[in-house]
Structures are given as C-alpha cells and as structure tokens.
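Each remark here refers to the structure printed beneath this line.
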Amino acid sequence: MSIKELIFGGKVKTAGGGAYRDSIQAWLPIKNIMGGVVVTRDNRFIKILEVLPVNIYLKSANDRQNIIASYAAYLKIAPDNIQLEARTLPADTAEYLDRMMEFAEAEENESCREMIEDNIAEIGQGVASDAIRHRFFLIFQYEANMKSKGNSVAAIIQRLNEEADTARRYLDVCELEVLEPRWTDDFNLKLLYEIINKRTSRRVKLPEGVFDMTTAVHGIYDES
20 MSIKELIFGG KVKTAGGGAY RDSIQAWLPI KNIMGGVVVT RDNRFIKILE
70 VLPVNIYLKS ANDRQNIIAS YAAYLKIAPD NIQLEARTLP ADTAEYLDRM
120 MEFAEAEENE SCREMIEDNI AEIGQGVASD AIRHRFFLIF QYEANMKSKG
170 NSVAAIIQRL NEEADTARRY LDVCELEVLE PRWTDDFNLK LLYEIINKRT
220 SRRVKLPEGV FDMTTAVHGI YDES
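Using the numbering used here, the letters of the sequence shown correspond one by one to residues 20 to 243.
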C-alpha cells in the first residue's frame, strides 16, 4: 500500500468547515495537517517520516549484524501497523544547474569556466535524463493501543510525535537518519502535493511558507 492509497482509504472529531460542491475540498481526503500529523476525513491520524538510507553492504560483517539486531529491536516496539515506502523519482537537475551556473559566473580561470559550461550543456541536453533518485518513508497511524493522554486531537498528535521520537532513537542506532524538517506541516503539505500531482509538482514548486499562507486564508488561525 502506498502513501496515496493509505490516505485515500479511533474516532476523534476535529474542527473543520464545509466544502463547496465540485471543489478540491469536496474530494480531497485530507481534513487537516496539524503538528506534523496528517488528519484524514475519516478521522485517522497519520505520521510520515522520511528516512535517509545507508548501504549496509559497505559495512563490516559486525556492523551489519549490529544494524540488523538494532532494527529487529525497533520492530518489537514499533506500532502494530507500520508501512515502509520507497518512492522512485526522476532526478531533479534544476538545482544542480543553477549551482553550476553560479560557479561559472564566479570562475576566473577561463579553462575551468569552459569545463563548467560544457558540463551545463551536457546536463541540459539530457545526459542525466535517465537518472533517478529515491526517497524512503516510514508511515504509521494512531491506534487505540497507543494510549494517548486523553482523546483530544492535541493528545493524539503528541502521542504520534512521541512514537516518531522513539523511531528516531532506534533508527539512529541502525545508522539511519530520520529527517527532522524545521516546519513539519510544510513538509507534509509539499509531500502530499507531490504525490497527488506527480507531473505538475515537477515544474511548479510550492513556495516556502506555503502552509502558513494557505491556513491564514482559510481562517484556521481564527481559532487561536
């Protein structure tokens, strides 16, 4: 099951508004994103963590065994229903090309500048068109046996974030880094945007602070 399938599929009511008929709000299965947690319209709370992989085959035999043992220890205390997903995406060369152009402009040596410009031309002609990149995610949702401190939205979000901290500690021992975005709601919004709009998201990027922009427009801050 993919992230998209999970979202498009412990009952707690959250604040929400109506939706215009035939509007995006009418079909989008996401009710809200709060505290780094995705809340679906059927009142499920989903936590998504991005994990940076490690090539275990580059480790020594002892290190490999320790990593496997540590991962097994995490699985024993992990949520009952946990999903691991790998997304395969075309390599995004735009950022690389922008950086190389900056190097070319600042390069004083003519020969070096020509080499950089040749590299830019090769990338632009599609040399890297077959390149791919991978993103790895660990996903779980709130379950009754997690026993949050109350049945409120805030308590459930806190409990899921505690589970995320536990995952970080155990996976760190496995030499796996779990990313900690500075703005977790922005991270979730951009990820869901990329999943739902695969093609559009490759050419139209969401601006920084987009979550604050959209929530302010929809009046969510009026509740505080």
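Glycine included, each C-beta is placed from N, C-alpha and C at the ideal position.
Check                                                                                                                                                                 : Outcome
What are the start and end residues of the beta strand (DSSP E) that includes Arg152?                                                                                 : 151 to 160
State the DSSP-derived secondary structure class of Leu77, mapped to helix, strand or coil.                                                                           : helix
Work out the CA separation of Tyr76 and Lys166 for me, nearest whole Å.                                                                                               : 38 Å
Checking the sheet assignment: what are the DSSP bridge partners for Gln177?                                                                                          : Note: Gln177 sits in no beta bridge, so no partner.
Return the chain-ordered list of same chain residues with a C-beta closer than 7 Å to the C-beta of Met119, the five sequence neighbours on each side being excluded. : Ile135, Asn138, Ile139
With DSSP as the reference, identify every bridge partner of Glu69, one or two as the case may be.                                                                    : Phe156
Bridge partners of Thr107, per DSSP?                                                                                                                                  : His153
Rounded to the nearest angstrom, what separates Lys66 and Leu225 at their Cα positions?                                                                               : 21 Å
When the distance is taken between beta carbons, is Phe159 closer than 7 Å to Glu69?                                                                                  : no
Measure the beta-carbon distance from Gly55 to Asn207 and round it to whole angstroms, keeping in mind my assumption that it falls under 8 Å.                         : 7 Å
What does the alpha-carbon distance come out to for the pair Arg83 and Glu126?                                                                                        : 44 Å
Within its chain, find whatever has a CB closer than 8 Å to the CB of Glu162; leave out the 5 residues flanking it on each side and keep chain order.                 : Gly29, Pro98, Asp99, Asn100
Answer yes or no: do Val192 and Ser79 have a C-beta to C-beta separation smaller than 7 Å?                                                                            : no
Distance, Cα to Cα, Arg154 vs Glu196?                                                                                                                                 : 12 Å
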